[in-house]
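Residue numbers (my numbering): 6 to 259.
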Amino acid sequence: MRRTRLLTGALLGAATALLALAGPVAADDDTADADKAPTQAGTSFRTAAPMQQDQKATASASTGDYLYWSYPADAGQRPTVRATVDLSSAQARHGAQTWRIDVYDGLRRRQSCMYGMQARTVPAETKSVALACTLRPVRAWSEAWANDPLPGTYYVRLTVTSLADADLGQPVSASVEAQSKDIGSSVAVDGTLSAPLVPGTTASAEKAAPADGWASGWWTGRWVWTAAGAVLAALAGIGGYALTRGSGRPVGAP
């Protein structure tokens, strides 16, 4: 009987160890799948393929399709979206084509580009088209009328806007990548959104968050500059007092 209990305990211990080993592996697999760049694009805002910044998303499509991707952008970032379209064989095309990339925020407001080649017309013999759009810095808070970029989901739309009718439906392949430069306190404001502009529920907001999570919004570099300015002002006051107070009461004064 004792031997049976020992054998049963050993088997249970081995099973527990195997389950413990299997758990992290499954979690790692899920994380790897979540971090994997999409290989297809959506056809509307609702079906936009989600990606993270610094990922290169790819898709195969037909000329004339609308291709959509989405990515998160946080306060203090200045995103740049780049797209490359590999066109079909030049012998199969009948004229020039104009390709365009547009970026929309979480409210589906089209955001203007600070600089970059947002649209480009290429002749029939061109093999690929490269586009880019650098947005204005994302602000933690803004007036409703200002149309400033705000933290949340951003949508990328890529499509051809002008081409010969005979070229519709020809196969193309596209790649899109979003990268950001951290602007920091130079665009900091006194305020923050109650929640990032992510469509859907709270769970959707957590799923669409950047890899390192959303910024809290209350801490910015302006706190550091304010504190440093206060310290310098205090030191200047002490120094000025030390220079102007003199050596004390003059000798022989009544």
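Ideal placement from N, C-alpha and C gives every residue a C-beta, glycine not left out.
Cβ-based burial, residue i [other Cβ within 10 Å; buried from 16]
{"i": "Ser167", "result": "exposed"}
{"i": "Asp79", "result": "buried"}
{"i": "Ile243", "result": "exposed"}
{"i": "Thr231", "result": "exposed"}
{"i": "Ala213", "result": "buried"}
{"i": "Val108", "result": "buried"}
{"i": "Leu240", "result": "exposed"}
Cβ shell of residue i (< 6 Å), same chain only, five flanking positions each side left out
{"i": "Gly47", "result": "Ala53, Ala54 and Tyr73"}
{"i": "Arg105", "result": "Ala124 and Thr166"}
Simplified DSSP state of residue i, which is helix, strand or coil
{"i": "Trp150", "result": "helix"}
{"i": "Val143", "result": "coil"}
{"i": "Val203", "result": "coil"}
{"i": "Leu72", "result": "strand"}
{"i": "Pro29", "result": "Note on Pro29: pLDDT 37, under 50, position unreliable in the model; the coordinate value appears next. Helix at Pro29."}
{"i": "Leu173", "result": "coil"}
{"i": "Leu136", "result": "strand"}
{"i": "Thr249", "result": "helix"}
{"i": "Thr231", "result": "helix"}
{"i": "Ala183", "result": "strand"}
{"i": "Gly47", "result": "strand"}
{"i": "Ala282", "result": "Look at the range of the chain in this structure, 6 to 259, and you will see that residue 282 is not part of it."}
{"i": "Ala97", "result": "helix"}
{"i": "Ala78", "result": "strand"}
{"i": "Ala66", "result": "strand"}
{"i": "Asp38", "result": "Unreliable positioning characterises Asp38 in this predicted model, as indicated by a pLDDT of 47, which lies under 50. A coordinate reading is not provided."}
Enclosing beta strand (DSSP E) for residue i [first to last residue]
{"i": "Val165", "result": "Gly157 to Ser167"}
{"i": "Trp104", "result": "Gln102 to Tyr109"}
{"i": "Gln58", "result": "Counting along the chain, Gln58 falls outside any beta strand (DSSP E), and DSSP gives it neither H nor E."}
{"i": "Thr89", "result": "Gln82 to Asp91"}
{"i": "Thr126", "result": "Ala124 to Val127"}
Sequence-distant residues of the same chain with beta carbon closer than 7 Å to residue i, five excluded per side
{"i": "Asn152", "result": "Arg114"}
{"i": "Ala171", "result": "His99"}
{"i": "Gln45", "result": "Ala54 and Ala64"}
{"i": "Asp59", "result": "Gln184"}
{"i": "Trp219", "result": "Asp79, Pro156 and Pro201"}
{"i": "Tyr71", "result": "Thr48, Arg162 and Thr164"}
{"i": "Ala247", "result": "none"}
Inter-residue CB distance, residue i and residue j (contact presumed, cutoff 8 Å)
{"i": "Val203", "j": "Gly111", "result": "6 Å"}
{"i": "Trp146", "j": "Leu92", "result": "Contact doesn't hold; Cβ gap of about 42 Å is too wide."}
{"i": "Gly174", "j": "Thr68", "result": "6 Å"}
{"i": "Met122", "j": "Leu140", "result": "Not confirmed; about 14 Å, so no contact."}
Nonlocal neighbours in the same chain, by C-beta distance under 8 Å from residue i, ignoring five residues either side
{"i": "Met56", "result": "Ala42, Pro43, Ala62, Trp74, Ser75, Tyr76, Val181 and Ala183"}
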